[in-house]
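S.K.:
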Amino acid sequence: MSWVTRTVGNIRKIGLKEYWHQLQYIGDTKAGVLVGTDKFGNKFYENKDELPLRTRWVDYKKHDFDPAQIEPLWHFWISYGTDAIPSEDPLASVTRSWAAPHHIPNLTASPAAYKPYNTVKPKIKAWEPFAAARQ
């Protein structure tokens, strides 16, 4: 029954409006401290009282979110690669020549997805049914 007390406690901490928002977009309710915001407007939260590997989460600005919409350093932080918050990290302010200046969306399963072009003749010929004309 601990999930009941956890849920009721989270409703008291975050309110009904935020509770409903989290259920719709995260699928769970969490109460935590706002750690920072990235340049895309995503909000990052942390709660050290949660279970391990559930202490950090992101509230995406866009409702049709794509995990590629997180900046690389924030992605490293949310994946538990580091404990240093990117907004407070002195190395985060360094500009990197390889970093894309804008968001590159994930185009998988869309009409704009990468389609390889093959010039090699297939080794196996597909079977094509042949029906003889009736006499």
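Residue numbers (numbering that gives the first Met the number 0): 0 to 134.
C-beta: ideal position from N, C-alpha, C; glycine also.
Bear in mind the structure is a predicted one, so any value in this text is a computation, not a measurement.
(1) Take residue 11 as the anchor and find which of 126, 58 and 28 has the nearest alpha-carbon.
(2) Could you spell out the range, first to last residue, of the beta strand (DSSP E) harbouring residue 129?
(3) Could you tell me the alpha carbon to alpha carbon distance between residue 119 and residue 128, rounded to whole angstroms?
(4) Based on Cα-Cα distance, which residue from 54, 52 and 69 lies nearest to residue 60?
(5) What would DSSP say about residue 5, mapped onto helix, strand or coil?
(6) Measuring alpha carbon to alpha carbon, tell me which residue in 4, 35 and 109 is nearest residue 56.
(7) How is residue 14 classed by DSSP in three states: helix, strand or coil?
(8) Any contact of the stretch 34 to 51 with the stretch 66 to 86, i.e. 3+ C-beta pairs under 8 Å?
(9) Taking residue 75 as part of the alpha helix (DSSP H), name the residues at either end of that continuous run.
(10) Taking the straight line between their C-alpha atoms, what separation do you get for residue 5 and residue 114?
(11) Apart from the five residues on each side of it in sequence, which residues of its chain come closer than 6 Å, Cβ to Cβ, to residue 86?
(12) Three-state secondary structure (DSSP) at residue 121?
M.R.: Quick look at the numbers:
(1) Answer by Cα proximity: 28.
(2) It is not in any beta strand (DSSP E) - residue 129 carries neither H nor E in the DSSP assignment.
(3) Rounded to the nearest whole angstrom, the CA to CA distance from residue 119 to residue 128 is 24 Å.
(4) The shortest Cα separation from residue 60 among 54, 52 and 69 belongs to 69.
(5) Here DSSP, grouped into helix, strand and coil, assigns residue 5 to helix.
(6) Of 4, 35 and 109, the smallest CA-CA separation from residue 56 is found for 35.
(7) DSSP places residue 14 within a helical segment (H, G or I) once states are collapsed to three.
(8) By the C-beta criterion, the stretch 34 to 51 is judged to be in contact with the stretch 66 to 86, since at least 3 inter-stretch pairs fall below 8 Å.
(9) Residues 71 to 77.
(10) Take the alpha-carbon of residue 5 and the one of residue 114: they are about 47 Å apart.
(11) Non-local C-beta neighbours of residue 86 in its own chain, meaning closer than 6 Å and more than five positions away in sequence, comprise 35, ordered along the chain.
(12) Of the three classes helix, strand and coil, the one that applies to residue 121 here is coil, per DSSP.
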